[in-house]
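Report on the structure given below.
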Amino acid sequence: MLKGKLAKCNQLKVKLLIEDATKKDLMWIKITSVVSIFPYH
0 MLKGKLAKCN QLKVKLLIED ATKKDLMWIK ITSVVSIFPY H
(Lines of atoms letter the chains of each structure in order from A and count residues from 1; the text may use other names and numbers.)
(Lines give C-alpha, C1' and ligand atoms only; values in the text may rest on other atoms or scores of the structure.)
Protein backbone atom coordinates (compact mmCIF):
# COMPACT_ATOMS: atom_id res chain seq x y z
CA MET A 1 0.00 0.00 0.00
CA LEU A 2 2.63 2.50 1.10
CA LYS A 3 4.97 1.53 -1.70
CA GLY A 4 2.22 2.19 -4.22
CA LYS A 5 1.62 5.66 -2.78
CA LEU A 6 5.35 6.40 -2.89
CA ALA A 7 5.55 5.18 -6.47
CA LYS A 8 2.69 7.48 -7.49
CA CYS A 9 4.31 10.41 -5.69
CA ASN A 10 7.64 9.66 -7.40
CA GLN A 11 5.93 9.43 -10.78
CA LEU A 12 4.50 12.92 -10.27
CA LYS A 13 7.90 14.23 -9.22
CA VAL A 14 9.52 12.60 -12.23
CA LYS A 15 6.86 14.04 -14.52
CA LEU A 16 7.50 17.53 -13.16
CA LEU A 17 11.26 17.02 -13.39
CA ILE A 18 10.95 15.88 -17.00
CA GLU A 19 8.77 18.87 -17.87
CA ASP A 20 11.28 21.17 -16.19
CA ALA A 21 14.15 19.39 -17.91
CA THR A 22 12.57 19.71 -21.34
CA LYS A 23 12.23 23.46 -20.83
CA LYS A 24 15.89 23.62 -19.79
CA ASP A 25 16.86 21.28 -22.65
CA LEU A 26 15.24 23.63 -25.16
CA MET A 27 17.34 26.45 -23.74
CA TRP A 28 20.44 24.25 -23.80
CA ILE A 29 19.80 23.23 -27.41
CA LYS A 30 19.62 26.92 -28.35
CA ILE A 31 22.80 27.68 -26.39
CA THR A 32 24.74 24.67 -27.69
CA SER A 33 23.67 25.29 -31.29
CA VAL A 34 25.06 28.81 -30.95
CA VAL A 35 28.21 27.55 -29.21
CA SER A 36 28.78 24.79 -31.80
CA ILE A 37 29.32 27.50 -34.43
CA PHE A 38 32.51 28.43 -32.58
CA PRO A 39 35.56 26.15 -32.92
CA TYR A 40 35.96 25.25 -29.24
CA HIS A 41 33.56 22.64 -27.93
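3 is the number that numbering that gives the first Met the number 0 gives to position 4 of the sequence shown; each next residue is one higher, with no gaps.
For glycine and all other residues, C-beta sits at the position ideal for the given N, C-alpha and C.
What does a CB cutoff of less than 7 Å around residue i pick up in its chain, not counting 5 residues either side in sequence?
i	result
lysine 4	none
leucine 16	none
lysine 14	none
Mapping the DSSP letters down to three states, classify residue i as helix, strand or coil.
i	result
serine 35	coil
Please report how far the alpha carbon of residue i lies from the alpha carbon of residue j, in whole angstroms.
i	j	result
asparagine 9	threonine 31	30 Å
lysine 22	lysine 12	15 Å
glutamine 29	glutamate 18	The residue asked about is misnamed: residue 29 is lysine in this sequence, not glutamine. Those two C-alpha atoms are separated by around 17 Å.
Excluding the five sequence neighbours on either side, which residues of its own chain have a C-beta within less than 8 Å of the C-beta of residue i, listed in chain order?
i	result
tryptophan 27	none
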